[in-house]
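A.B. asks: Residue numbers (this note's numbering), protein chains in the order written: chain S, 1 to 169; chain Y, 170 to 709; chain P, 710 to 998.
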Amino acid sequence: MRVLKPVELIVVASEKGRVTVKYPYQEPLVTSDFRGAIRIDASKCIGCGACVKACPPNALELLESPDRLVIRYFVGRCIFCWRCVDVCPVKAVVGTREFELATDRVEDLFNYTVHRRAECRECGSGFATRRMVEYVTEKSAVSEYYANECPECRKAKVLKAAARRRGGV
Amino acid sequence: MPGVEEYVRLAQERGGKWVAHGDTVHLVVDPSDLRPIADKIFNEYGASFRTCVGTDERPLNNHFSITHLFTDDRSGLYIALKSYLDPDNPTAPSIADVVPAADWCELEAWDMLGIRFEGRRLERLVLPYWWPEGVHPLRKEFDYKSRPDVSLARSERVALRKEVGTVPLGPYHPALHEPEYFELYVKGERVVDVRYRGFHVHRGIEKLAESRMNYQQVNFLAERICGICGFEHSTCYALAVEKAAGVDVPERAQFIRSIVLEVERLHSHLLLLGVAFHLLGYDAGFMHMWRVRERTMVLAEMLTGSRKTYGINLVGGVRRDINEEKKSKVLSELGGLVKDFKRVVEIAVSAPNVKRRLTGTGILPKEDARRLGVEGPVARASGIDKDARRDLPYAAYKYASFRVPVYTEGDNMARVLVRVEEVFESVSIIEQLLDKLPKGPIMAEKVEIPPGRVGVQVVEAPRGGDIHYVLTGDGRPYRWRVRAPTYANIPALKVMLRDQRLADAPITIASIDPCFSCTDRVVVVRDDGVVERLEVGASW
Amino acid sequence: MAVEEVLAATIATSATLVLPLFMDGVERKVKAWVHSRIGPPVTQTLLDALKLLRKETRVFGPIPYYFYLSSTAAVLTALGVFSAYMYFATLNTAYFVYTLVFYLTSQAALALSYLIIPNPYSVIGGFREVFVSLANEPFMVLGVVLYAVSFSSRPGLWGYVAAGFSFSAVLVASYVSSRRTPFDLSEAEPEIASGGFIELSGKALFLALYNLLLSRSLSQLIPLSLVAMAAGPGGPLAPLAYLASLAGVWALYGLASTLMGRARVDTAFKSLVKLYLVLIAGAFVGLVV
Chain S
1 MRVLKPVELI VVASEKGRVT VKYPYQEPLV TSDFRGAIRI DASKCIGCGA CVKACPPNAL
61 ELLESPDRLV IRYFVGRCIF CWRCVDVCPV KAVVGTREFE LATDRVEDLF NYTVHRRAEC
121 RECGSGFATR RMVEYVTEKS AVSEYYANEC PECRKAKVLK AAARRRGGV
Chain Y
170 MPGVEEYVRL AQERGGKWVA HGDTVHLVVD PSDLRPIADK IFNEYGASFR TCVGTDERPL
230 NNHFSITHLF TDDRSGLYIA LKSYLDPDNP TAPSIADVVP AADWCELEAW DMLGIRFEGR
290 RLERLVLPYW WPEGVHPLRK EFDYKSRPDV SLARSERVAL RKEVGTVPLG PYHPALHEPE
350 YFELYVKGER VVDVRYRGFH VHRGIEKLAE SRMNYQQVNF LAERICGICG FEHSTCYALA
410 VEKAAGVDVP ERAQFIRSIV LEVERLHSHL LLLGVAFHLL GYDAGFMHMW RVRERTMVLA
470 EMLTGSRKTY GINLVGGVRR DINEEKKSKV LSELGGLVKD FKRVVEIAVS APNVKRRLTG
530 TGILPKEDAR RLGVEGPVAR ASGIDKDARR DLPYAAYKYA SFRVPVYTEG DNMARVLVRV
590 EEVFESVSII EQLLDKLPKG PIMAEKVEIP PGRVGVQVVE APRGGDIHYV LTGDGRPYRW
650 RVRAPTYANI PALKVMLRDQ RLADAPITIA SIDPCFSCTD RVVVVRDDGV VERLEVGASW
Chain P
710 MAVEEVLAAT IATSATLVLP LFMDGVERKV KAWVHSRIGP PVTQTLLDAL KLLRKETRVF
770 GPIPYYFYLS STAAVLTALG VFSAYMYFAT LNTAYFVYTL VFYLTSQAAL ALSYLIIPNP
830 YSVIGGFREV FVSLANEPFM VLGVVLYAVS FSSRPGLWGY VAAGFSFSAV LVASYVSSRR
890 TPFDLSEAEP EIASGGFIEL SGKALFLALY NLLLSRSLSQ LIPLSLVAMA AGPGGPLAPL
950 AYLASLAGVW ALYGLASTLM GRARVDTAFK SLVKLYLVLI AGAFVGLVV
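Dropping the structure here:
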């Protein structure tokens with residue numbers, strides 16, 4: 001009987017039962033493919049800043065000072081896109097399935113990865129990071145000739161060499 | 170059926186320039202020729218008007234420009250009608266009287282760029298009433314971080330007509346999901362007129378993309394234009410940039426994009442059907458429809474890593490693959506989903522009062538639909554056979570065969586039925602594409618984007634045709650324009666709500682499946698307090 | 710009028726004054742089950758009511774009259790409930806007449822209470838209420854009268870036919886007056902800022918919601934009274950037995966309300982009148998044939 005069709009809803013309801021997930025007293029409905037917060041493995045990170053460049057909302061930021069370089073991850077801005085995971089050359093950025101990140105102290109949401117600066121053997125000032133210099137020289141042995149100099153000294157050296165070649169001393 | 174030659178001739182015979190590249194015909198004409206040519210394209214050739222884009226090109230060539238974007242759905246062509254304007258006093262003739270669908274985008278160009286349109290009334294559409302005069306945010310000298318000094322000591326009159334009662338709907342209402350404001354003028358139970366004021370949440374997305382994002386980051390920004398149809402925005406943007414730069418996207422990536430687009434369409438339509446039932450008081454239909462929808466959300470999470478804001482699009486391809494295990498899971502899940510959905514819809518539509526209240530209410534006649542340029546299910550329910558997946562095939566849609574449901578009644582029931590049928594078609598498309606999924610990489614080898622190229626792309630969002638226009642610049646877009654489908658559908662509400670009963674107003678507004686997030690990119694406020702009588706095409 | 714009967718009726722009435730807040734919670738659980746979800750705890754409505762009592766009542770002009778009217782409506786409903794229980798115990802027709810009188814006057818007081826609120830949207834809601842009442846109450850009374858007549862003066866098959874049709878009419882009328890979907894027009898249309906409750910807050914809102922729920926008890930007791938008419942007097946235990954069946958009827962009505970969409974004022978009027986004409990015609994047929 002067509003007029004009794006709406007009553008079929010009761011049949012549907014009894015078949016399906018209660019679909020509410022009793023989170024947080026039950027496991028949340030999150031699949032294994034879920035993208036959650038990221039974690040930077042400080043032992044692997046070289047401080048290159050590729051993740052900072054790729055991050056759309058600037059959750060990852062590079063804070064630079066003469067003696068150290070800090071990668072700051074602010075979960076509050078993170079959109080869990082995992083672009084940083086994609087672009088990290090050393091796979092230091094790892095994605096997790098965590099999303100239960102609420103806290104009442106905003107400091108908990110900041111995560112710092114601190115790098116020591118490499119020291120220029122010419123002028124002694126800090127540049128890049130020690131790990132980055134190690135990484136570069138490992139990948140390309142010939143770079144050892146100039147990888148321990150800061151960009152300024154390197155520039156000065158190149159200009160001096162060019163000037164010398166042009167017939168001046 | 171007009172083809173490339175006909176459109177090119179429009180520019181040639183007036184001494185303009187033209188370039189035909191791929192599926193896009195670019196015409197550059199003198200500003201005085203804009204109106205007759207637009208008239209011919211819209212009214213004689215019957216092309217769809219999508220949007221117009223104002224651009225500040227003074228750093229490039231010391232001109233402003235205005236580009237009107239049409240699509241010829243029968244021949245599958247994009248037509249970009251461009252005109253360069255004077256840098257000190259940019260003026261162009263308005264086409265809103267011959268192309269009523271162009272009304273809002275001209276006002277937006279006036280607000281954001283200061284391009285004056287002659288032959289029409291100019292007023293604030295997008296910017297708030299307290300925004301200072303002469304400050305146009307999309308001009309290149311306006312830094313995206315700057316905040317002009319404003320004084321906010323003004324209040325606005327409501328209930329501007331005394332002989333009828335006023336029922337305000339919004340902008341902050343316990344039942345509204347997004348801020349929008351409809352002022353319904355009622356006589357007893359009948360709605361006599363409607364005033365819409367939207368754009369309460371401007372986010373400056375276009376300016377952001379031009380100022381501080383690079384090409385790949387804009388994908389994620391585009392995804393967040395809307396919380397329901399975000400993926401189609403990011404796909405549309407990626408396709409537009411790929412078209413502009415001539416990037417060769419692997420086939421597998423296009424297939425994956427289409428599959429995920431259809432999954433998004435499923436979730437969006439099920440959402441709307443649930444909300445429609447809720448507005449009719451049939452909460453059981455709402456709950457069960459969203460129970461079915463939950464299955465699509467889990468499906469999306471399995472495929473992309475996130476229930477919404479999938480984040481798998483990049484310029485040049487996608488970031489996540491679909492392996493065999495996922496493929497079989499999707500197929501088995503879809504089978505159960507269709508059965509469940511069919512049962513719930515049949516029960517819901519048979520409920521007393523659901524059918525009665527949907528039928529014959531909120532009627533949009535076909536001619537008004539065409540003139541206002543409405544999109545998607547709203548157009549298809551009023552008899553306009555328009556679907557960008559079939560007319561302007563993009564991604565992998567040319568490999569799938571599907572029906573486009575068209576109804577002629579134009580009432581709320583027709584709009585609901587169009588969406589119900591589209592759900593079944595979407596499931597069929599996903600199954601076909603999964604079956605034909607080609608092997609290969611999912612990301613292009615090299616993505617190089619030269620500056621100065623134009624890409625226009627229409628993607629059929631769940632709500633209709635979404636269009637993105639990209640003018641490439643140096644590492645980031647020089648100009649990015651988004652016109653979401655609800656932007657075109659809202660003006661049609663004035664026609665639909667007129668002479669309807671007050672009780673039907675919520676379901677009528679909901680039947681266009683409004684996505685105010687997509688629409689709201691500017692705030693509108695009126696200064697003068699005159700309410701105009703309804704004239705299709707006149708400004709609000 | 711024995712003391713035990715009065716005592717039983719008083720106990721049952723006191724229970725019925727508190728019952729609505731609890732039964733509404735049960736109804737929400739039933740609705741939630743139909744929706745495949747868990748729903749709020751059964752004590753939710755009671756807790757909501759207590760919360761409202763603690764909140765600030767925003768004062769508008771005629772608010773004292775609003776309190777007078779809705780308190781009067783509550784008292785009238787309570788008296789109607791008491792009469793109904795006395796009828797269950799004694800089957801004295803006078804009590805049944807009192808029940809109906811108290812029912813109609815409390816409905817009138819409620820409708821009036823919406824109309825005096827100065828908010829135009831409350832008035833829209835109030836008029837919708839009045840409209841539905843006008844379509845409903847006459848048929849409620851007519852159904853009751855026809856049932857009584859067919860019961861007393863028409864034995865045999867045709868008597869049952871008439872009784873059946875008129876009982877159905879009363880059943881429908883009691884459902885409609887309980888203001889459930891499809892007839893929850895006064896606070897319906899969630900998107901429009903109209904409805905009887907829009908201006909009310911705090912204690913006034915508590916009274917409005919309490920009245921809504923309490924009137925459900927009375928309107929649901931009326932078909933039960935017709936059942937009592939057939940079953941015979943029950944003595945002192947009858948009020949308590951019928952209190953239990955009231956709970957059952959409440960849950961059943963709640964279940965029925967999940968299966969329907971909301972009506973519009975004009976469609977509601979038309980469909981109700983059509984339905985009643987059919988049922989009343991059937992009752993007449995049973996009586997005169």
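All residues carry an ideal CB built from backbone N, CA and C; glycine is no exception.
In the region 450–464 of chain Y, which residues sit with their C-beta less than 9 Å from some C-beta in chain P, listed in chain order?
C.D. replies: Of all residues in the region 450–464 of chain Y, Gly450, Tyr451, Asp452, Ala453, Gly454, Phe455, Met456, His457, Arg460 have a Cβ within less than 9 Å of some Cβ in chain P.
A.B. asks: Cutting at 7 Å between CB atoms, please list the residues of its own chain near methionine 466(Y), excluding the five before and the five after it.
C.D. replies: These residues qualify, in order along the chain: His436, Arg476.
A.B. asks: At least one CB of chain P closer than 8 Å to the CB of leucine 9(S): is that the case?
C.D. replies: yes
A.B. asks: My guess is that histidine 232(Y) and leucine 250(Y) are in contact by the Cβ rule of under 8 Å, so how many angstroms apart are they, rounded?
C.D. replies: By a beta-carbon distance limit of 8 Å, histidine 232(Y) does not contact leucine 250(Y). Their separation comes to about 16 Å.
A.B. asks: State the CB to CB distance for the pair leucine 755(P) and asparagine 920(P), rounded to an integer number of angstroms; the pair is presumed to be in contact (CB under 8 Å).
C.D. replies: The Cβ separation is near 16 Å, so there is no contact.
A.B. asks: Please list the residues of the region 743–758 of chain P that have a C-beta atom closer than 9 Å to any C-beta atom in chain Y, keeping them in chain order.
C.D. replies: Of all residues in the region 743–758 of chain P, only Val743, His744, Ser745, Arg746 come within less than 9 Å of chain Y when Cβ atoms are compared, listed by chain position.
A.B. asks: Counting Cβ pairs, one atom from each stretch, are 3 or more of them under 8 Å apart for the region 372–381 of chain Y and the region 610–622 of chain Y?
C.D. replies: no
A.B. asks: Looking at the structure shown, is glutamate 119(S) part of a helix, part of a strand, or coil, going by DSSP?
C.D. replies: DSSP places glutamate 119(S) in strand when its eight states are reduced to three.
A.B. asks: The region 73–97 of chain S: which residues have C-beta closer than 8 Å to a C-beta of chain Y, in chain order?
C.D. replies: Ile79, Phe80, Cys81, Trp82, Arg83, Asp86
A.B. asks: If the cut is a Cβ gap below 8 Å, which residues of chain S does proline 521(Y) touch?
C.D. replies: Pro6
A.B. asks: Within the region 5–79 of chain S, note down every full alpha helix (DSSP H) run reaching 4 residues or more, in order along the chain.
C.D. replies: 8–16, 50–54
A.B. asks: Could you check the C-alpha separation between leucine 986(P) and glutamate 352(Y) for me, to the nearest Å?
C.D. replies: 39 Å
A.B. asks: Check the Cβ of isoleucine 516(Y) against every Cβ in chain S and list those closer than 8 Å, keeping chain order.
C.D. replies: Lys5, Pro6, Glu8, Leu9, Val12
A.B. asks: Taking contact to mean at least 3 C-beta pairs separated by less than 8 Å, is the region 924–939 of chain P in contact with the region 875–891 of chain P?
C.D. replies: yes
A.B. asks: Assign tyrosine 830(P) to buried or exposed, taking buried as 16 or more other Cβ atoms, counted over all protein chains shown, within 10 Å of its Cβ.
C.D. replies: buried
A.B. asks: If you run the structure through DSSP and keep just helix, strand and coil, what is valine 847(P)?
C.D. replies: In the sequence as displayed, the identity of residue 847(P) is proline instead of valine. The answer is helix: DSSP assigns proline 847(P) an H, G or I state.
A.B. asks: Is isoleucine 901(P) buried or exposed, if buried means 16 or more other CB atoms sit within 10 Å of its CB?
C.D. replies: Interpretation of isoleucine 901(P) is limited by its pLDDT of 45, a score under 50 that renders its predicted location unreliable; no figure is taken from the coordinates.
A.B. asks: Any C-beta of chain S within less than 8 Å: which residues of the region 957–969 of chain P qualify?
C.D. replies: Leu964, Thr967, Leu968, Met969
A.B. asks: Helix, strand or coil for aspartate 272(Y)? Go by DSSP, reduced to three states.
C.D. replies: helix
A.B. asks: Run down chain S in chain order and give the residues with a C-beta less than 7 Å from the C-beta of leucine 506(Y).
C.D. replies: Near leucine 506(Y) there are no residues of chain S at all, since even the closest Cβ is about 13 Å away, more than 7 Å.
A.B. asks: Does DSSP classify serine 910(P) as helix, strand or coil?
C.D. replies: coil
A.B. asks: I need the boundaries of the alpha helix (DSSP H) containing leucine 666(Y), first residue and last residue.
C.D. replies: 660–666
A.B. asks: Suppose the cutoff is 8 Å on Cβ atoms and the five residues either side in sequence are ignored; what does the same chain contact list for valine 735(P) look like?
C.D. replies: Within the same chain, valine 735(P) has close Cβ partners Val751, Ala956, Trp959, Ala960, Gly963.
A.B. asks: Among all the DSSP beta bridges, which residues are the ones paired with glutamine 626(Y)?
C.D. replies: His637(Y)
A.B. asks: Which chain P residues are close to arginine 18(S), counting only those with a beta carbon under 7 Å from its beta carbon?
C.D. replies: Ser745, Arg746, Ile747
A.B. asks: Return no unless some Cβ of chain Y is closer than 8 Å to the Cβ of phenylalanine 2(S).
C.D. replies: Contrary to the premise, residue 2(S) reads as arginine rather than phenylalanine in this sequence. Taking Cβ atoms only, chain Y reaches closer than 8 Å to arginine 2(S), which makes this a yes.
A.B. asks: Along chain S, which residues have their Cβ under 7 Å away from the Cβ of glutamate 470(Y)?
C.D. replies: Thr31, Asp33, Phe34
A.B. asks: Would you verify that the beta carbon of glutamate 287(Y) is, or is not, closer than 8 Å to some beta carbon of chain P?
C.D. replies: no
A.B. asks: Give the residues of chain Y in contact with proline 24(S), contact being defined as C-beta atoms less than 9 Å apart.
C.D. replies: Ordered by position in chain Y, no residue passes the 9 Å Cβ test against proline 24(S), which lies about 18 Å from the chain.
A.B. asks: State the CB to CB distance for the pair arginine 588(Y) and histidine 369(Y), rounded to an integer number of angstroms; the pair is presumed to be in contact (CB under 8 Å).
C.D. replies: The beta-carbon distance between arginine 588(Y) and histidine 369(Y), rounded to whole angstroms, is 26 Å. This is too long to meet the 8 Å contact definition.
A.B. asks: For serine 842(P), which of helix, strand or coil comes out of DSSP?
C.D. replies: helix
A.B. asks: With 16 other CB atoms within 10 Å as the buried threshold, where does histidine 520(Y) fall?
C.D. replies: Correcting the residue identity first, residue 520(Y) is alanine in this sequence and not histidine. Buried, because 16 or more other Cβ atoms sit within 10 Å of the Cβ of alanine 520(Y).
A.B. asks: What does alanine 667(Y) reach in chain P if we use C-beta pairs closer than 7 Å?
C.D. replies: Reading off the sequence, residue 667(Y) comes out as arginine, not alanine. The contacting residues do not exist; arginine 667(Y) stays about 16 Å from chain P at best.
A.B. asks: Based on the DSSP output, what are the partners of glutamate 287(Y) in its beta bridges?
C.D. replies: Pro262(Y)
A.B. asks: Per DSSP, which one or two residues make a beta bridge with tyrosine 365(Y)?
C.D. replies: Phe351(Y)
A.B. asks: Whole angstroms is fine: what's the gap from cysteine 78(S)'s alpha carbon to valine 94(S)'s?
C.D. replies: Between cysteine 78(S) and valine 94(S), the C-alpha separation is close to 14 Å.
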